[in-house]
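Asks: Below you will find the structure I want to go over with you.
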């Protein structure tokens, strides 16, 4: 087997694995409502496979450096969510999603210009989430209409994530860890949710899903910080495992707090 054919086969396999993650997460989210759906959406559905495959091709230092670039990008993602949520109350998909994505790209371009430390990346997240979470709170509670899944919904999301993984993995060797870390965190799941749900159920209900995702996204930022530290100390396998554990534990805690509040309100 030639080197080129081997590369294509393994790339397609990686894309298929990433797509399988998205299909599973999409089914869980659609059957569980906006709150659980938001928590599922903030799991590393797209970034996780990207980082796993990067770890197969590069050493721990590459992954640790990529995580430093990913950390401030997580702050840009919560800003994207805020822009979309606010605009979606009055405007259609093109303006709401388009403006949010353009702001994300602009912030990513600025972030790319700097060499980030762990402290600086955490500070960006602290400021971004400290501003955005209170502003998003008023948009979290919206009556959700019944969502009927169409045949192309899951394949569309899966193809987007698979394409992102393919781009990150195939270009990582020449763009380096910083750009790879930025591309790995493009909010492909949020974007696909906007594109699919907004025309079907309207802006405010779609915005409510993203608004509910704010706290989960904060935990995702913590997981990126854990990834950077753990990979440098223990290697890629342990580092990635600890980062995933951080995400899952954080979201389970949010779910438990939400259930407890609901139970207390019923009494």
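In the working numbering, the protein residues as written are 708 to 974. Positions of the beta carbon are idealized from the N, C-alpha and C atoms, including for glycine.
Taking DSSP as the reference, what is the three-state secondary structure of residue 824?
Replies: Here residue 824 corresponds to residue number 117 of the chain shown, with the count starting at 1. In this structure, residue 824 counts as coil in the three-state DSSP scheme.
Asks: Can you tell me the Cα-Cα spacing of residue 798 and residue 913, whole angstroms?
Replies: Mapped onto the chain shown, residue 798 falls at position 91. Mapped onto the chain shown, residue 913 falls at position 206. Their Cα atoms are separated by approximately 12 Å.
Asks: In the DSSP assignment, find the unbroken alpha helix (DSSP H) run with residue 907 in it and report its ends.
Replies: Working through the chain shown from its first residue, we reach residue 907 at position 200. Unbroken alpha helix (DSSP H) run through residue 907: 895-908.
Asks: Assuming residue 763 is part of the alpha helix (DSSP H), what are its boundary residues?
Replies: Locating residue 763 in the chain shown gives position 56, where the first residue counts as 1. First-last of the alpha helix (DSSP H) with residue 763: 754-764.
Asks: Are the beta-carbon atoms of residue 786 and residue 835 separated by less than 8 Å?
Replies: For the purposes of this step, residue 786 is identified with residue 79 of the chain shown, where counting begins at 1. For the purposes of this step, residue 835 is identified with residue 128 of the chain shown, where counting begins at 1. Yes; because the gap between Cβ atoms is below 8 Å, this pair is in contact.
Asks: Comparing alpha-carbon positions, which option in 812, 817, 765, 850 lies nearest residue 910?
Replies: Here the question's residue 910 lines up with position 203 in the chain shown. If you compare the alpha carbons of 812, 817, 765, 850 with that of residue 910, the shortest gap goes to 850.
Asks: Output the boundary residues of the alpha helix (DSSP H) element that contains residue 796.
Replies: Position 89 of the chain shown, counting from 1, holds the residue named residue 796. Counting along the chain, residue 796 falls outside any alpha helix (DSSP H), and DSSP gives it neither H nor E.
Asks: Under 8 Å, with one C-beta from each stretch per pair, do the stretch 920-939 and the stretch 802-812 reach the 3-pair mark?
Replies: no
Asks: Should residue 931 and residue 777 be called a contact, given that it needs their Cβ atoms to be closer than 8 Å?
Replies: As a working mapping, residue 931 is identified with position 224 in the chain shown. As a working mapping, residue 777 is identified with position 70 in the chain shown. It is a contact, given that the beta carbons lie within the stated cut-off.
Asks: Let me know the secondary structure DSSP gives residue 805 once reduced to three states.
Replies: As a first step, residue 805 is located in the chain shown; it is residue number 98 there, counting from the start. Correct three-state label for residue 805: helix.
Asks: Compute the Euclidean distance between the alpha carbons of residue 979 and residue 879, then round it to the nearest angstrom.
Replies: Because residue 979 is not part of the residues shown, which for the chain are 708 to 974, the question remains open.
Asks: Starting from the Cα of residue 791, find the closest Cα among 900, 963, 938 and give me that residue.
Replies: As a first step, residue 791 must be located in the chain shown, where it is residue number 84. Residue 900 is the option with its Cα nearest to residue 791.
Asks: According to DSSP, is residue 850 part of a helix, a strand, or is it coil?
Replies: Stepping through the chain shown from its first residue, residue 850 is reached at position 143. Looking at residue 850 - three-state DSSP - the assignment turns out to be coil, as it is neither helix nor strand.
Asks: Measuring only the C-alpha atoms, how far is residue 967 from residue 959?
Replies: Position 260 of the chain shown, counting from 1, holds the residue named residue 967. Position 252 of the chain shown, counting from 1, holds the residue named residue 959. When rounded, the distance between both Cα atoms is 12 Å.
Asks: Measure the alpha-carbon distance for residue 942 versus residue 955 and round it to whole angstroms.
Replies: On the chain shown, position 235 is the one that residue 942 refers to. On the chain shown, position 248 is the one that residue 955 refers to. Going by the C-alpha atoms only, they are around 20 Å apart.
Asks: Among 845, 770, 921, 801, which residue has its Cα nearest to the Cα of residue 950?
Replies: One-based indexing of the chain shown puts residue 950 at position 243. The shortest C-alpha separation from residue 950 is found at 770.
Asks: Rounded to the nearest angstrom, what separates residue 761 and residue 875 at their Cα positions?
Replies: Within the chain shown, the letter at position 54 stands for residue 761. Within the chain shown, the letter at position 168 stands for residue 875. The alpha-carbon atoms of residue 761 and residue 875 are separated by roughly 8 Å.
Asks: Quick one: using the 10 Å Cβ neighbour count with 16 as the cut-off for buried, is residue 948 buried or exposed?
Replies: On the chain shown, residue 948 is found 241 positions in, with the first residue counted as 1. Burial call: exposed.
Asks: With distances taken between CB atoms, is the gap from residue 780 to residue 827 smaller than 8 Å?
Replies: Walking along the chain shown from the start, residue 780 turns up at place 73. Walking along the chain shown from the start, residue 827 turns up at place 120. Result no, Cβ atoms of residue 780 and residue 827 do not sit closer than 8 Å.
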